[in-house]
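*Asks:* Got a structure here, written out as structure tokens. Questions coming.
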Amino acid sequence: MVFGLPIYLDGITAQLKTVIDRIVCCMKPFLWTDVFGFSRHSFSLEFTKDIIAVSTCGFPEYETFTPLISYFNALSKNLNSRLVTTTFIWGSIAIQVRIELLDFKIETY
2 MVFGLPIYLD
12 GITAQLKTVI
22 DRIVCCMKPF
32 LWTDVFGFSR
42 HSFSLEFTKD
52 IIAVSTCGFP
62 EYETFTPLIS
72 YFNALSKNLN
82 SRLVTTTFIW
92 GSIAIQVRIE
102 LLDFKIETY
């Protein structure tokens, strides 16, 4: 599953949250305990085992994505999946202002 979103105020958008909340209807009303001792729901529908998060934000600090990483790590556990990779573009406001500001980020990535 690939989730793509912009970051506004350190969180996921309401539109993506609505999509993710709809996954609840695929859950059974039974709990099981995972290998880490956490309670999880069983699913009536099989989900992909891999999750990828792609995001962008206007702030120039990579730390802006820290809450998003935590969210998708928790979501992947609840979906019995794993967060395999993330692709983040921070400082994207530079694209509108001066694209050459992204050169060092692209070279580093």
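According to my numbering, the stretch in the sequence shown is residues 2 to 110, in order. C-beta: ideal position from N, C-alpha, C; glycine also. In this text, all values refer to a predicted model and were calculated from it rather than measured experimentally.
(1) Based on Cα-Cα distance, which residue from 62, 55, 65, 23 lies nearest to residue 46?
(2) Return the bridge partner residues of residue 33 from the DSSP annotation.
(3) From this set, 65, 17, 79, which residue's C-alpha is nearest residue 91's C-alpha?
(4) Going by DSSP, what residues sit across from residue 83 in a beta bridge?
(5) Whose C-beta lies closer than 6 angstroms to the C-beta of residue 7 among residues of the same chain, with five residues either side of it excluded?
(6) To the nearest angstrom, how far is the alpha carbon of residue 34 from that of residue 101?
(7) Report, in whole angstroms, the separation of the C-beta atoms of residue 44 and residue 27, which I expect to be a contact under 8 angstroms.
(8) Starting from residue 6 and walking both ways along the alpha helix (DSSP H), at which residues does that stretch end?
*Replies:* Judging by the given coordinates:
(1) 23
(2) 41
(3) 65
(4) 51
(5) 57
(6) 50 angstroms
(7) 5 angstroms
(8) Premise fails: residue 6 lies in the beta strand (DSSP E), 3-7, not in any alpha helix (DSSP H).
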